[in-house]
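Numbering (the numbering used here), first residue to last: 180 to 286. For every residue, glycine included, the Cβ atom is placed at its ideal position computed from N, Cα and C. Because the structure is a prediction, the values reported are computed rather than measured.
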Amino acid sequence: MHEAHQEALATLEACIVACNTCFDACLNESHVTHMTDCIRLDRDCADICSLLSQAIVRNSPNIAVLATACKEICLACAEECSKHDHDHCQKCAAACEACAKACDSLV
């Protein structure tokens, strides 16, 4: 089944990378306390994207349930990241928005 979802898997992987990059960069911002919501959502988003990716590869019966949760978390992360002017946040927001759309194709 995962062969049919190669595009979604690539989008999930891109989102994982963007969220982890944003997470790490946020930790190095001068006002890190202002970035706590962003940091938390980056971690949640990367984790749910990873879980969904693994579920797709092993043809889990829970793909649709996980994709629904993933979409919600991706949208929340995109919304938070878009509030910040940092390049890493803007890139993360874009990756999360693309991932939310990919999740729609899995539901």
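By the criterion of a C-beta distance shorter than 7 Å, L220 is surrounded in its chain by A255, C256 and E259, once the five residues flanking it on both sides are discounted. By the neighbour-count definition (other C-beta atoms within 10 Å, threshold 16), L245 is a buried residue. I218 and F202 have their alpha carbons spaced roughly 5 Å apart.
Counting C-beta pairs closer than 8 Å gives fewer than three between the segment 185-196 and the segment 204-218, which falls short of the contact rule. Residue R237 holds the alpha-carbon nearest to the alpha-carbon of A183 among R237, H213 and N199.
The residues T190, A193 and C194, in chain order, have a CB closer than 8 Å to that of A277 in the same chain once the five nearest residues on each side in sequence are set aside. One alpha carbon belongs to A272, the other to T212, and they sit about 19 Å apart.
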